[in-house]
């Protein structure tokens, strides 16, 4: 089993392997702790002596054992070869990401969702997953051209949010159909747009799906034509733009802070 798990981990470092198997990798103590706490499925974990170098690592190993996860012992050099990061902290786990879909998204008054239109940087995508759950957003929809949600850099950047918040890939046509059927307002984030106006209480406000676009090109024209409102973050003179993840965080805060 040890050799087969190592082969599986190597395969999952490739996008085609993750897509074919529907699995993802979780590396490092914090991320694997998050995976254990959510109760998602594990296919196994490679562990090295470094994991037991700290009390927290020992506790994680015990938690994995209690959860019945198949643990395969490898050397520290072997784990380093398997890992995508330079500091895997003695553990690389194969996990089964939740199978989220449209039925998991809230569409009740005051709900706030985030759609990513061709956001290519995995770090930005992971950060926005983490930010969405932290600010009370209801889910994240990754449209065509967006970094794959199980990309190891996305998983790490999400700090476990990928295991907790509804997040999945979808087509633009599917998004349009869902917002129409559920009376969700499509809002567009744009650098040259006015700030979010004062909003009514969330209990009387329609659900909103905020769309943020590609780091360079912004949101596609086909989505822009269907948006009911364009919103942005006011900047000081001379500042060209904000990082897309930063802008999304500010706008999500504005949308979710109303009582």
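Numbering (this note's numbering), first residue to last: 52 to 310. Just so it is clear, CB atoms sit at the ideal spot from N, CA and C, and this is done for glycine as well.
Whole angstroms is fine: what's the gap from residue 56's alpha carbon to residue 135's?
15 Å
Would a C-beta distance cut-off of 7 Å place residue 146 and residue 219 closer than the cut-off?
no
Please state whether DSSP places residue 277 in a helix, a strand or coil.
coil
I'd like the list of long-range same chain contacts for residue 213, defined as Cβ closer than 6 Å, with 5 residues on each side in sequence excluded.
180, 206
Reference residue 87, options 126, 188, 190, 142, closest by Cα:
142
In or out: residue 105 buried (at least 16 other Cβ within 10 Å) or exposed?
exposed
Please tell me whether residue 144 and residue 77 are closer than 7 Å, where the distance is taken between their beta carbons.
yes
Considering only the alpha carbon of each residue, which of 299, 58, 190, 286 lies closest to residue 266?
299
Restricting to Cα atoms, I'd like to know which of 164, 249, 138 is closest to residue 233.
164
For residue 138, count neighbouring Cβ atoms within 10 angstroms of its own Cβ and tell me buried if that reaches 16, exposed if not.
exposed
Taking 7 Å as the threshold (C-beta atoms), are residue 133 and residue 60 in contact?
yes
Whether residue 295 touches residue 263 by CB criterion (7 Å)
yes
Would residue 175 be called buried (16 or more neighbouring beta carbons within 10 Å of its own) or exposed?
buried
I need the DSSP call for residue 168, collapsed to helix, strand or coil.
strand
Proximity winner among 249, 152, 150, 242, relative to residue 293 (alpha-carbon distances):
242
When 111, 90, 253 are compared against residue 98, the one with the closest alpha-carbon:
111
Give the secondary structure of residue 265 by DSSP, where H, G and I count as helix, E and B as strand, and everything else as coil.
strand
Beta strand (DSSP E) runs wholly inside the stretch 96-152, at least 3 long, in chain order:
122-124, 142-147
Taking only runs of the beta strand (DSSP E) that begin and end inside the stretch 181-230, which ones reach a length of at least 3 residues, in chain order?
191-193, 218-220
Going by CA-CA distance only, name the one from 102, 107, 131, 276 that's closest to residue 122.
102
Classify residue 168: buried if its beta carbon has 16 or more other beta carbons within 10 angstroms, exposed otherwise.
buried
CB-CB length for residue 217 against residue 151, believed under 8 Å
4 Å
Have a look at residue 310 and residue 74 and give me their C-alpha separation to the nearest angstrom.
38 Å
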